[in-house]
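In the working numbering, the protein residues as written are 331 to 816.
We treat Cβ as the ideally placed atom computed from N, Cα and C, and that holds for glycine.
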Amino acid sequence: MITLQSKIPQFILGILAAAMLCWLSMSYLSGVSLTLILAAFIACSVGLLLFVYYRQSFWKKLTLQHFLLSVMLATSFLGSAFFTVSAGPIVLFPFRIVLVLLTFVMLVKWLRKDLSLKGHFHLPYLYLFLLFWIAYSVLALSWSIELTAAIKEVITLITSILVIFFATFILKKEENYLEFFSIWIVMGLLLIMIGFINHFLQIHLSISRINHAYSYQQGIPTSVFVNENDFASYLAITAFFFLSLMKNGKRLIFQLVGIGGFLGAVFLILITESRANYIGLFLGCVFWFIFLLRKRDKISLLYVGLLIAPVVVYTQFDRVMAAWNLLQVQFTSLITPEANHTSSVDIREHLLNNAKVYIENTFGLGVGPGNVEYYMKNVQVFETFKNYNVHNWWAEIFVQYGVFIFIGYLIYFGFLFLGLYRIWKRQHQLNHLLISEALLCGMIAFVFASISPNSFIALNYNWIFIAFVTAYVNFYYLEIPPGGPT
Numbered sequence: 331m332i333t334l335q336s337k338i339p340q341f342i343l344g345i346l347a348a349a350m351l352c353w354l355s356m357s358y359l360s361g362v363s364l365t366l367i368l369a370a371f372i373a374c375s376v377g378l379l380l381f382v383y384y385r386q387s388f389w390k391k392l393t394l395q396h397f398l399l400s401v402m403l404a405t406s407f408l409g410s411a412f413f414t415v416s417a418g419p420i421v422l423f424p425f426r427i428v429l430v431l432l433t434f435v436m437l438v439k440w441l442r443k444d445l446s447l448k449g450h451f452h453l454p455y456l457y458l459f460l461l462f463w464i465a466y467s468v469l470a471l472s473w474s475i476e477l478t479a480a481i482k483e484v485i486t487l488i489t490s491i492l493v494i495f496f497a498t499f500i501l502k503k504e505e506n507y508l509e510f511f512s513i514w515i516v517m518g519l520l521l522i523m524i525g526f527i528n529h530f531l532q533i534h535l536s537i538s539r540i541n542h543a544y545s546y547q548q549g550i551p552t553s554v555f556v557n558e559n560d561f562a563s564y565l566a567i568t569a570f571f572f573l574s575l576m577k578n579g580k581r582l583i584f585q586l587v588g589i590g591g592f593l594g595a596v597f598l599i600l601i602t603e604s605r606a607n608y609i610g611l612f613l614g615c616v617f618w619f620i621f622l623l624r625k626r627d628k629i630s631l632l633y634v635g636l637l638i639a640p641v642v643v644y645t646q647f648d649r650v651m652a653a654w655n656l657l658q659v660q661f662t663s664l665i666t667p668e669a670n671h672t673s674s675v676d677i678r679e680h681l682l683n684n685a686k687v688y689i690e691n692t693f694g695l696g697v698g699p700g701n702v703e704y705y706m707k708n709v710q711v712f713e714t715f716k717n718y719n720v721h722n723w724w725a726e727i728f729v730q731y732g733v734f735i736f737i738g739y740l741i742y743f744g745f746l747f748l749g750l751y752r753i754w755k756r757q758h759q760l761n762h763l764l765i766s767e768a769l770l771c772g773m774i775a776f777v778f779a780s781i782s783p784n785s786f787i788a789l790n791y792n793w794i795f796i797a798f799v800t801a802y803v804n805f806y807y808l809e810i811p812p813g814g815p816t
């Protein structure tokens, strides 16, 4: 009997796919350069290999909702960089399309009573806060001046929080979280590769602001994002996934990928000149070294560093000095104000001062979702020189959603961090170490990475990361006994 698991249909499908690719190449790619065709072929080949790997490792008993969640997670990192469809004021891209499909599937299963709400929420207060946030944002529409922007942000908030709920519902096994981790690693490698192409070949995707920048800025990497700050914030979090893979990878190839990915992320962050992410990366590494490494590993790492550092400085002296001078200039600008107060630090300070005024004038309720830009443009107290985004995730929550949501989010974030640390201390298996260490250090970096982009709420990786942490803590918080796993 021939089944989907047998090799005959797979062989036939392979021949048909090859024939289809040849036909498409001859029909539509005649005017495209050979380099692009080769790159597309390599990308398709890698994609097929990854599909086979995931099918063998994670998708042996695959449900439709699990498959859609995996595709949604992968496409979330790409955003609108490659494919968009405009439907009036709404812009659709793969992540949003798959999210709509997943929502429909989950709704149908719930209506058919194939999906139960019981048994999924070990920590219900976390999810009640998220629901309260949605309810508050809807209520805040009543006092939002710019209603269109408010509605758009409420929709973004609802869809983003849906990701957290779906991750909690669907990820029910340890291997599901390993799959989540591997998706982050694979997409991280892809985005880093695009970043290197941006820097060395000065080729950028159409979404990048660098396409319209000066020639001396053409080497700034943005990958699949609009600007370099968004990319650097993503890298600051992702770097610790690679660092954890380097330390806890079961195979040498995984450890090598971890080393390469971490060094690549650090290099690209340096090129972006994003100071907030320098700090986030540094403090994440300090936390990793002090709290997550065993004493023996700390000593070994110090010895390795003492041996390698002189060699690197001697052989790459010019590059090391260039990097040091760049860091010195960047951090000096943080503490040396300009006479005309037009530096980015001064502007951000004025943005925060304006936000403080707005929260006072609204009696702590907030200006409403998506309305901070309107206030910055029209009710400006401190000059921001045509910069209207608050450039700070924490201030963005505070000024738009008010005191209650802001304090609730701080408690929510702090509880997740402490829960992760509790899980890390009570387990000894490599799989748990692999994930918990990446998430712990990622949360340290997140605190500072989130103050770099213009607006953090619309960046998918923000919510994907929080969904990963929330679902993981919820799943393991009550699963691991006080004595650790046996």
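Report task. With a 10 Å radius around its C-beta and 16 neighbouring C-beta atoms as the bar for buried, classify Lys577 as buried or exposed. Result -> buried
Query raised in the report: If you draw a straight line from the C-alpha of Phe747 to the C-alpha of Ser545, how long is it?
Result: 43 Å
Query raised in the report: If we count the other Cβ atoms within 10 Å of its Cβ and call it buried at 16 or more, is Ser766 buried or exposed?
Result: buried
Query raised in the report: Can you tell me whether DSSP reads Phe422 as helix, strand or coil?
Result: Here the sequence assigns Leu to residue 422, which means Phe is not the residue at that position. It is a strand residue.
Query raised in the report: What did DSSP end up calling Ser416 once you bin it into helix, strand or coil?
Result: strand
Query raised in the report: Going by other Cβ atoms of all chains shown within 10 Å of its Cβ, with 16 needed for buried, is Gly694 buried or exposed?
Result: exposed
Report task. Take every Cβ of the stretch 566 to 586, pair it with every Cβ of the stretch 708 to 725, and state whether three or more of those distances are shorter than 8 Å. Result -> With the cut-off at 8 Å, the stretch 566 to 586 and the stretch 708 to 725 do not touch.
**Report entry** Span of the alpha helix (DSSP H) around Lys443
**Finding:** First-last for Lys443: undefined, no H or E at that position.
Query raised in the report: If we ignore side chains and look at the alpha-carbon of each, how far apart do Tyr644 and Gly635 end up?
Result: 14 Å
Query raised in the report: Is the beta carbon of Ala566 sitting closer than 8 Å to the one on Ala779?
Result: yes
Query raised in the report: Among the residues of its own chain, which have a CB less than 7 Å from the CB of Asn761, if the five just before and after it don't count?
Result: Glu504 and Leu508
Query raised in the report: Taking buried to mean at least 16 other C-beta atoms within 10 Å of its own C-beta, is Leu598 buried or exposed?
Result: That one is buried.
Query - Ile537, DSSP secondary structure in three states - result: Three-state result, Ile537: coil.
Query - Reference Asp444, options Leu429, Ile485, Gln395 and Val468, closest by Cα - result: Of the candidates Leu429, Ile485, Gln395 and Val468, the one whose C-alpha sits nearest the C-alpha of Asp444 is Gln395.
Requested in this report: Excluding the 5 residues preceding and the 5 following Gly459 in the sequence, name in chain order all residues of the same chain whose CB lies nearer than 7 Å to its CB.
Outcome: Correcting the residue type first, residue 459 is Phe in the shown sequence and not Gly. The residues Gly738 and Tyr742, in chain order, have a CB closer than 7 Å to that of Phe459 in the same chain once the five nearest residues on each side in sequence are set aside.
Report task. State the DSSP-derived secondary structure class of Arg605, mapped to helix, strand or coil. Result -> helix
Query - CA nearest to the CA of Val675, picked from Thr714, Asn708, Arg649 and Phe499 - result: Thr714
Report task. Can you grab the Cα-Cα spacing for the pair Val284 / Leu582, in whole Å? Result -> The structure shown has nothing for residue 284, since the chain only spans 331 to 816.
Query raised in the report: Given 8 Å as the limit, is there contact between the stretch 422 to 441 and the stretch 398 to 408, that is, 3 or more CB pairs closer than that?
Result: yes
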